[in-house]
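Chemist: First, the structure itself, so that you have it in front of you.
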């Protein structure tokens, strides 16, 4: 369940350059394609309670061909966001052609039956709009944004490239060069390589051990007919979900969607592949990836974690906040950064999606401090599963979760992510209005029980990448 | 566009307020007019280190308490050090903002700089630097920047040089803090769900008693004009080759910055102004993407033109195609420069850049944190008026002005050309 690796290209944010030095690491979370970086949380604010999405202001409809639309208006800004997914992920990839789902997703915009790459992008970029696709394990996701007046442009482009991609050979070779360069960069990235090794330990014998972007050999093995075949088999409207949020009335959005994708069909779409059971670790396993010439090592220590819909998810999420998120990266940040000065970043993260997730602690340290930092992290894990969290610590994280909900939902993209969470994990349209109660109901005992189900001090996955 | 309220407290603290009642959120930013450009040789990195120390405690709010009390109330906070400024922000549920304001008023004067905390933060910052050194583009960018500025303190990275990070003392840090963290050297910007009258009264209560200091001078070491092209290379691990071209560019407040913005949009695609939220637009129809990536000389091209007080750099970063050389890329790049300097630019192409900018601007207005950021940030290199009139100024740019900018800025003698040469190490598994 690695993240998607991209060659630095296109637009650099004006200020998000290496020249801007933040105190708190801006990248302090490993992303899985399915889990949002922060699980959005609900508010107890009564003043603006109606600002939280709920059943009375989320529009949900389904087209006859199976596409589900979720929509919510926001007229505070003249823009609109679309975001969603199709049931075509890398779980369908063979080992020999791993990366095919992602290759296919990345190739969609490179030409349709009607237009070539330059024509497609000329229309979008001329409007200041964007649209992109990428594959995860279960689904292929997409996201786009535009001025509200250009929503038809976004949806029509999406409809065109989803239902009638051309996969022009010449463009596929350019894309292959970019993907291979991305893999070469990945091979030099200590955090990425530690993550790959970590996933191979906790997801041994499970398809989640495979990176969605494949390997050099598998990307080289993929042919144009593989993309055509993958698209023909797996791309279709059934199970497709789309959120549209912004200065657009939902009924109008539904009509535009029906115009763009209402006629799309695929009678061959298979059922979602079933996942094998995860084999629990029987002992602590360590993997090292040697990347010479680097000045820092990345360490990952952790275990498998709950799926998003497991009852343990919320207690573990709050426990994880205490362990390595709250304030300056929780207890882990306190031990490794604040007290010992060993690392700029040291935090824990919980990645939970459709299937089993991961619960992991990350730190970037000087090569000579790897043993010391690892030992501090393991002590914190041991303390956590022996004694759990205090009532005060839990209360801090609970008020944090509840209080920051409006922040996570202020942008259109934040609301779109919340709507997709509701649909993907069947949370109910009033989930964000119920969330404060759900968070507050969690007890320290529940956190401890849930944590012990996953974390065992003598059965850890440890991955280290660096010189 | 909501109205802006502007005030200056008796001690010189500037205040900018913008009411936005779309969500129960307030974002507060304190800006200090100090950054890495105020650091003489031997003290590089000191502004950034002081910023870290501002979380290490006062008598009232001891170390580690600061992050926790903001988080406990559902707030988000961080701090950033740049060449020209240092800033601290908290975005909070509206009914909790007072906590952030009390905290900022307190640490404007009362931070302790405990020697033990200084010692542990020294290694944290060295680790931050080592993490950056893992990235080829950091190594290349640092070398290019240093070559572009021999005299001006834009010469060094915000993070500072290792030699200085090892030797800067507690007293150096404290003196830097006391010199620059004065209300008359600061600006407080708030946007969000408050009533201006109530807020300004509260700010007076909290901040007006802080005594003004002497106005600290900014380090002024103007860079002399360049006398020719610099070329350099950086070697390091990896397989991927990068080419960076950095041209001396106009200051953020210069009228020339707007034609540069349009020029950049034509050459390398539109850049987002937004630090928080919004995202960018792809650049596949930009001139350089078509000439370099579509022609299989490169696999990616990006650019940056930053709003700085003094002239900084207009930088292109190109990821070279695995089967191509940096020289081939450079030749194709220079051909595109010649064309934009010499061939007529259409009004449509310029109008398209304006529409792109309008869309990116709209995306940024979704988010209160981003709006509060601009309230203060624009004041650091120009004034808030710069932000308010940004789209109008862009819309007034003519094709002739874009071509003039291309001729003035994109001269070979005005640039540094840097290449990252990968030494091609193998990855081993043990």
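Residue numbers (our numbering), protein chains in the order written: chain P, 1 to 467; chain V, 1 to 430. For glycine and all other residues, C-beta sits at the position ideal for the given N, C-alpha and C. None of these values were measured; they are calculated from a predicted model.
#1: Exposed or buried, residue 450 (chain V), counting other C-beta atoms within 10 Å across all chains shown (16 or more means buried)?
#2: What is the DSSP secondary structure of residue 359 (chain P), reduced to helix, strand or coil?
#3: For chain P, find out if any of its Cβ atoms is closer than 8 Å to the Cβ of residue 3 (chain V); answer yes or no.
#4: When DSSP builds the beta bridges, which residues end up paired with residue 355 (chain V)?
#5: Given residue 79 (chain P), which residues of its chain have a CB within under 8 Å of its CB, disregarding the five upstream and five downstream residues?
#6: How is residue 84 (chain P) classed by DSSP in three states: helix, strand or coil?
#7: With a threshold of 7 Å on Cβ separation, who are the neighbours of residue 61 (chain P) within its own chain once the five nearest residues in sequence on each side are excluded?
#8: Find the residues of chain V that neighbour residue 396 (chain P), judging by a C-beta separation of less than 8 Å, and give them in chain order.
#9: Could you tell me the distance, in whole angstroms, from the CA atom of residue 431 (chain V) to the CA atom of residue 331 (chain V)?
#10: Which value, in whole angstroms, describes the spacing of the CA atoms of residue 216 (chain V) and residue 409 (chain V)?
#11: Alpha carbon to alpha carbon, what distance is there between residue 56 (chain V) and residue 62 (chain V)?
#12: Tell me, please, whether the CB atom of residue 365 (chain V) is closer than 8 Å to any CB atom in chain P?
#13: Report yes or no: is there a C-beta of chain P within less than 8 Å of the C-beta of residue 430 (chain V)?
#14: Distance, Cα to Cα, residue 96 (chain P) vs residue 136 (chain P)?
#15: With DSSP run on the structure shown, which of helix, strand or coil describes residue 168 (chain V)?
#16: Could you pull the start and end residues of the alpha helix (DSSP H) that residue 376 (chain P) belongs to?
#17: Starting from residue 432 (chain V), find everything on chain P with Cβ-Cβ shorter than 9 Å and list it in chain order.
#18: In chain V, which residues lie less than 8 Å from residue 265 (chain P) when you measure between Cβ atoms?
#19: DSSP three-state call for residue 240 (chain P): helix, strand or coil?
#20: Starting from residue 444 (chain P), follow its DSSP beta bridges and name the residues at the other end.
#21: Using DSSP's beta-bridge definition, name the partner residues of residue 16 (chain V).
#22: Tell me which same chain residues have a C-beta within less than 7 Å of the C-beta of residue 384 (chain V), skipping the five on either side of it?
#23: Going by C-alpha to C-alpha distance, which of V:333, V:324, V:328, V:68 sits closest to residue 302 (chain V)?
#24: For residue 67 (chain V), which residues in the same chain have their Cβ closer than 8 Å to its Cβ, ignoring the five residues on either side in sequence?
#25: Jot down the residue ranges of each uninterrupted beta strand (DSSP E) in the stretch 74-121 of chain V, minimum 3 residues, whole runs only, in chain order.
#26: Check the DSSP bridge columns for residue 155 (chain V) and list the partner residues they point to.
#27: With a Cβ-Cβ cutoff of 8 Å, do residue 140 (chain V) and residue 247 (chain V) count as a contact?
#28: Do residue 85 (chain V) and residue 373 (chain V) have their C-beta atoms closer together than 8 Å?
#29: Could you give the C-beta distance for residue 130 (chain P) and residue 105 (chain P), rounded to a whole number, given that I count them as a contact under 8 Å?
#30: For the candidate residues P:346, P:87, P:292, whose alpha-carbon lies nearest to that of residue 329 (chain P)?
#31: Would a C-beta distance cut-off of 8 Å place residue 180 (chain V) and residue 108 (chain V) closer than the cut-off?
#32: What residues match up with residue 287 (chain P) in a beta bridge as DSSP calls it?
#33: Taking only beta-carbon positions, decide if residue 281 (chain V) is within less than 8 Å of chain P.
#34: Is there a C-beta anywhere in chain P that falls below 8 Å from the one on residue 234 (chain V)?
#35: State the Cα-Cα distance for the pair residue 380 (chain P) and residue 315 (chain V), rounded to the nearest angstrom.
#36: For the putative contact between residue 198 (chain P) and residue 300 (chain P), defined by C-beta atoms under 8 Å, what is the C-beta separation to the nearest angstrom?
Modeler: On the basis of the coordinates in this document:
#1: Residue 450 (chain V) lies beyond the residue range present for chain V, which begins at 1 and ends at 430; the question has no answer from this structure.
#2: Three-state DSSP puts residue 359 (chain P) in a strand.
#3: By the rule that beta-carbons nearer than 8 Å mark a contact, residue 3 (chain V) does not touch chain P.
#4: The bridge partners DSSP lists for residue 355 (chain V) come to none.
#5: Excluding residues within five positions, the ones whose Cβ falls inside 8 Å are 145, 146, 147, 148, 246, 247, 412.
#6: Note: residue 84 (chain P) maps to strand in three-state DSSP.
#7: Sequence-distant Cβ neighbours of residue 61 (chain P) in its own chain, meaning closer than 7 Å and more than five residues away, are 69, 254.
#8: Neighbours of residue 396 (chain P) on chain V, chain order: 68, 71, 72.
#9: No statement about residue 431 (chain V) is possible, as the shown extent of chain V runs from 1 to 430 and does not include it.
#10: Between the alpha carbons of residue 216 (chain V) and residue 409 (chain V) lies a gap of roughly 33 Å.
#11: If you take the alpha carbons of residue 62 (chain V) and residue 56 (chain V), they lie about 7 Å apart.
#12: Yes - at least one Cβ of chain P is within 8 Å of the one on residue 365 (chain V).
#13: In this prediction, residue 430 (chain V) scores a pLDDT of 35, lower than 50, which makes its location untrustworthy; the coordinate-derived value is nonetheless stated afterwards. So, interface residue.
#14: Straight through space, the alpha carbons of residue 136 (chain P) and residue 96 (chain P) are spaced by roughly 17 Å.
#15: Assigned with DSSP and collapsed to three states, residue 168 (chain V) falls in coil, not helix or strand.
#16: Secondary structure note for residue 376 (chain P): its alpha helix (DSSP H) is the uninterrupted segment 370-387.
#17: For chain V, the structure presents residues 1 to 430; residue 432 (chain V) sits outside this window and is missing.
#18: Near residue 265 (chain P) there are no residues of chain V at all, since even the closest Cβ is about 30 Å away, more than 8 Å.
#19: Judged by DSSP in its simplified three-state form, residue 240 (chain P) adopts coil rather than helix or strand.
#20: Residue 444 (chain P) pairs with nothing; no bridge assigned.
#21: Answer is V:6, V:189, bridged to residue 16 (chain V).
#22: If we look at residue 384 (chain V) and ignore the five residues flanking it on each side, its Cβ neighbours are 4, 16, 375, 378.
#23: Checked all of V:333, V:324, V:328, V:68; the closest Cα to residue 302 (chain V) is V:333.
#24: Result list for residue 67 (chain V): 55, 77, in chain order.
#25: Counting only unbroken stretches of 3 or more residues, the beta strand (DSSP E) elements lying wholly within the stretch 74-121 of chain V are 76-81, 86-93, in sequence order.
#26: The partner list for residue 155 (chain V) (beta bridge, DSSP) is empty, contrary to what the question assumes.
#27: No, the Cβ-Cβ distance between residue 140 (chain V) and residue 247 (chain V) is not below 8 Å.
#28: No. Outside cutoff.
#29: About 15 Å separates the two Cβ atoms, so there is no contact after all.
#30: Between residue 329 (chain P) and the set P:346, P:87, P:292, the nearest pair of CA atoms involves P:346.
#31: No, the Cβ-Cβ distance between residue 180 (chain V) and residue 108 (chain V) is not below 8 Å.
#32: Looking at the DSSP assignment, residue 287 (chain P) forms a beta bridge with P:463.
#33: Chain P contact via Cβ: present.
#34: Against chain P, the CB of residue 234 (chain V) has no partner CB under 8 Å away; the residue lies outside that interface.
#35: Roughly 44 Å separates the two Cα atoms.
#36: Indeed they touch by this definition, with Cβ atoms about 4 Å apart.
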